[in-house]
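Same order as they appear, the protein sequences are chains A and B. For the first sequence, our numbering gives the first residue as 1, with consecutive numbering after it. For the second sequence, our numbering gives the first residue as 1001, with consecutive numbering after it. This report refers to the structure that appears directly beneath it.
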Amino acid sequence: MKARMSIMALVVIISLLLASCTPAPTPTPVATQAPLETQAPTATEVQYPPAPEYIEIGASIPLTGKFGSLGSQVKVGYDYAIADINADGGVYVAEYGTKIPLRLTAYDDESDPTKAVSNLEKVFTENNVVAYLGGAASGMHAATTAIAEKNKVPYLGVSFAWWNIHQRGYKYLFSPFPKSPDQARDVFKALNELVPTKEERPTNIAIFQEKTDWGNELGGLFKADAGPAGYTVAYYAEYAPGTTDFSTLIMEAQAANADMLLGMPNTPDGIAIVKQAAELGWEPKFIMLVRAPDAATWGEATGTAGDSVTMFAGWHSGENFDGIAEINAKHQTDFSRPADILVGPAYACVQILAAGIEKAGTLDRDAIRDAIAATEMMTVMGNVSFNADGTGNVLNPLVQWQDGKMELVWPADQKTADFVYPIP
Amino acid sequence: MKKNNIIKLILIIVVVALLVVLPLVIKNDSTINLVILVLLYILLASSWNILGGYTGQTNLGHAAFFGVGSLTTRLLWVNGVPFLLSFLAGGVVAVILALIIGAPAFKLRGVYFAIGTLALAQMLNLTVGNILPEMSYNPDLANYQLLPRYYLFLGLTLITILTAAILVKSRIGLGMMAVREGEDAAESLGISALKHKLIALSISAFFAGMAGAAFAYYHVSFYYYMPFGSEWTFDPMMMAYIGGTGTIIGPIIGAVFFVLLKQLLVWNVGEYHLIIFGTLFILIVLFLPGGLVEIWQKFRTFLTKKTKRRKKVLLKATIQNEDGIQRE
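Have a look at this one:
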């Protein structure tokens, strides 16, 4: 027993020492340029205070665990943007009269909100970050945005369409990403533009609503926006995430003469829905599943059943804004494919932050927050501005799977392929 | 008091005192958060150990009690019930759940009990996710303070360890260990296996529920179903095994090792942390099947053997020396 108690004491003491010591932060492996030296002021020039070596940014990203595939895309976007900005010397900060490079300290939270909170506190206290960049997925953002609010640190995050999180009165949260109201509005707007002849459009909608808070939000908005846009909700059903048998929902939708399906399933549920619909012979003219087809493996997993399914991805590598070609080229070199759908929005977050810092002219967090709130700029995802609740006014492209490839079909000035309608 | 016990007591007092003054000295939220995480896992691993380690019942549904405690406290607290009442309710509801499922669950033995408890946690996870899919927000974010949460976790952890230490030396604790060593043999000696297993489950569930209650107070925002996730069973169980089951110190060492090492690897080696941690875990399982507590035992055995060997050599040399003198 004495031995055990001694071990216990030793372990606890060591742990305390380890916990209290501050290991050197591991910045993400982005190509950072050596900080530019402040030019020596002449007698007539303004005397600037010495500039910090870096502008510190912190992030907790799910690189492993259930949101690992999303987080990995987001991280690539951040890394590319920081490397590009630093290649140009960094961000000009008027307070110091020089450009200062950005440095991102990002830790993996293993898709665990508790660890994400711990990571954000760590970069706040030890790196004195001027801003946070978000991870991925609503549940993770819900935990981390609260920490940003508590610490009064500007937070830019993508990869979540949940609108409700913006209705908490948070002042420091900004998300240049399409939200549920945009998705509900744009699905009908896109369809009406893509199928101009009213008689050819689908009329009866089936909505498969996932029983989650975001599912509830988006399902309700689909339902509310359908009528004014000229559509009828013929069938509305809720299901629990993880459901494997959708045959009842599909047959009831069929019986209600639904010729269009709207939903927000996760990837496994989405695969099950389209496969079972095909097996049961239900052939809606149009399918829009907000989340499931985001997965790069969708085409392979669903085969012909998943072809022509549409989604709101938030961004597409085929958009024609400045900087996308370079991102695609870099992504092609690194991963042998054009940029994934979250790379662009993540890249835009860094662009917005850099512009915010430059506009603020200082590294004061509140000044940066105010500058971000007043954003009106072109990014790799088009023009971005923010509403008072931190939601972004951004392009919401409709993407369709065609022959195993994601093609951008709406809006017309951005499209990479013609819209396939009705589903063959 | 024996010299050994005095040293032991001094060490415990030093460690507790260090933990008490830690947030006053290191005013760093990041460190306090990390220590809270360690304390939370010590709580969970120690409470799991009461049933799994001392009574030999592999409970794969520990998350059910943690989740129920968290859910009860959070719901009551956000709806205006005084915090202390909400907090205690977390533990009480977990015990009620334990008693309800305990009697039928203990009709199952071995692997069937493990599967049964796993099913319970999964059922609750899905049910809560269906009924309460929404996010729970801290009702008073503007006044959020880390310090009271730290002391809540610290106090709770100390109470759990103390309870476990007293329990294993008590008559009930001996009964629990007798059940672990051989249920039929224990029954033949007049020890009611069901009674002891139920007591162990209730105590284990109570502290898991209280851990959930503290978690509900600590976390700013989370989904109600999140604490029912299987990781809240498997991580504490792994910690108990890494440290050494059926010991008081084992789960503590396991939790400290698991959380700190993992976090230090995350912070210092980035994406490779899982490979390194996984390798270390495999090595521990292979070379220290009894957990990290075995290191000290092996070291002591090694020292004892070395001392014996040295004594033997010395004795031999002395005899030879004496022989030489006699011959002269």
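C-beta atoms are modelled at their ideal positions from N, C-alpha and C, and glycine is treated no differently. The model shown is predicted, which means the values in this text are computed figures rather than measured ones.
Do residue i and residue j have their CB atoms nearer than 8 Å?
i, j, result
"I1036(B)", "Y1144(B)", "no"
"I147(A)", "D109(A)", "no"
"A1213(B)", "G1069(B)", "yes"
"L120(A)", "T144(A)", "yes"
"F386(A)", "P178(A)", "no"
"M288(A)", "T304(A)", "no"
"P1133(B)", "V1078(B)", "no"
"A296(A)", "G270(A)", "no"
"Y235(A)", "Q209(A)", "no"
"M1237(B)", "A1200(B)", "no"
"P253(A)", "A325(A)", "In the sequence as presented, Pro is not what sits at residue 253(A); that position holds Ala. No, they are not a contact pair."
"A1208(B)", "L1039(B)", "no"
"V1285(B)", "I1253(B)", "no"
"N266(A)", "A229(A)", "no"
"V76(A)", "P345(A)", "no"
Could you spell out where the beta strand (DSSP E) holding residue i opens and where it closes?
i, result
"W410(A)", "K405 to W410"
"Q402(A)", "L398 to Q402"
"R107(A)", "A quick correction: the sequence has Tyr, not Arg, at residue 107(A). It spans L102 to D108 - the beta strand (DSSP E) in which Y107(A) sits, taken as one unbroken run."
"Q209(A)", "N204 to E210"
"F286(A)", "F286 to L289"
"F124(A)", "Unbroken run through F124(A) is the alpha helix (DSSP H), P113 to N127; no beta strand (DSSP E)."
"N383(A)", "G382 to F386"
"F312(A)", "T310 to F312"
"I165(A)", "Element bounds for I165(A): n/a, residue is neither H nor E."
"A260(A)", "One detail in the question is off: residue 260(A) reads as Met in this sequence, not Ala. Here the beta strand (DSSP E) through M260(A) covers M260 to G263."
Could you tell me if residue i is buried or exposed, where buried requires 16 or more neighbouring beta carbons within 10 angstroms of its beta carbon?
i, result
"R103(A)", "buried"
"I1006(B)", "exposed"
"L1024(B)", "exposed"
"R1310(B)", "exposed"
"T333(A)", "exposed"
"E407(A)", "buried"
"N1321(B)", "exposed"
"Q183(A)", "buried"
"S336(A)", "exposed"
"A94(A)", "exposed"
"E300(A)", "exposed"
"S247(A)", "exposed"
"D186(A)", "buried"
"V384(A)", "buried"
"T1301(B)", "exposed"
"D294(A)", "buried"
"A272(A)", "buried"
"G1103(B)", "At residue 1103(B) the sequence reads Ala, which differs from the Gly that was named. Exposed, because fewer than 16 other Cβ atoms sit within 10 Å of the Cβ of A1103(B)."
May I ask which residues mark the beginning and end of the alpha helix (DSSP H) holding residue i?
i, result
"F222(A)", "D213 to A226"
"Q332(A)", "I324 to F335"
"G1278(B)", "H1273 to F1287"
Starting from residue i, find everything on chain B with Cβ-Cβ shorter than 7 Å and list it in chain order.
i, result
"A237(A)", "The contacting residues do not exist; A237(A) stays about 14 Å from chain B at best."
"G139(A)", "Y1223"
"T64(A)", "L1274"
"Y107(A)", "V1266 and W1267"
"E121(A)", "D1029, S1030 and N1033"
Which residues in chain A have a C-beta closer than 8 Å to the C-beta of residue i? List them in chain order.
i, result
"P1133(B)", "K211, T212, D213, G215 and N216"
"V1220(B)", "V117, A143, A146, I147 and K150"
"Y1144(B)", "K150"
"N1138(B)", "A146"
Residues of chain B with a CB under 8 Å from the CB of residue i: which are they?
i, result
"E126(A)", "N1028 and S1030"
"R369(A)", "Those within 8 Å of R369(A) in chain B number zero; the least Cβ separation is about 17 Å."
Which residues of chain A have a Cβ atom closer than 9 Å to the Cβ of residue i, listed in chain order?
i, result
"E1294(B)", "By Cβ distance, chain A contributes nothing, its closest Cβ being about 10 Å from E1294(B), past 9 Å."
"G1129(B)", "K211, T212, A240, P241 and G242"
Can you list the residues of chain A that residue i reaches, using a CB-CB cut of under 7 Å?
i, result
"E1271(B)", "L63 and D108"
"L1141(B)", "A146, E149 and K150"
Could you work out which residues of chain B lie near residue i, taking near to mean beta carbons separated by less than 9 Å?
i, result
"T248(A)", "Simply none; closest approach about 16 Å."
task: Please determine if the region 197-214 of chain A and the region 410-417 of chain A are in contact, where contact requires at least 3 C-beta pairs separated by less than 8 Å.
output: no
- prompt: Touch check for the region 346-357 of chain A and the region 73-93 of chain A: three-plus C-beta pairs under 8 Å?
  reply: yes
- request: Assess, as a yes-or-no matter, whether the region 1182-1193 of chain B is touched by the region 1090-1097 of chain B under the definition of 3 or more beta carbon pairs within less than 8 Å.
  value: no
contact_flag[the region 114-131 of chain A, the region 53-70 of chain A] where n(CB pairs < 8 Å) is 3 or more: yes
message: Quick test of the definition: if touching needs 3 or more C-beta pairs under 8 Å, does the region 255-264 of chain A touch the region 279-286 of chain A?
response: yes
- request: Take every Cβ of the region 1263-1273 of chain B, pair it with every Cβ of the region 1048-1066 of chain B, and state whether three or more of those distances are shorter than 8 Å.
  value: no
message: Would you call the region 1121-1135 of chain B in contact with the region 1017-1033 of chain B, where contact means no fewer than 3 C-beta pairs closer than 8 Å?
response: no
query: So does the region 1092-1104 of chain B actually touch the region 166-178 of chain A, counting three or more Cβ pairs closer than 8 Å?
result: no
task: Decide if the region 1120-1127 of chain B is in contact with the region 1221-1236 of chain B; the criterion is three or more beta carbon pairs, one per stretch, under 8 Å apart.
output: yes
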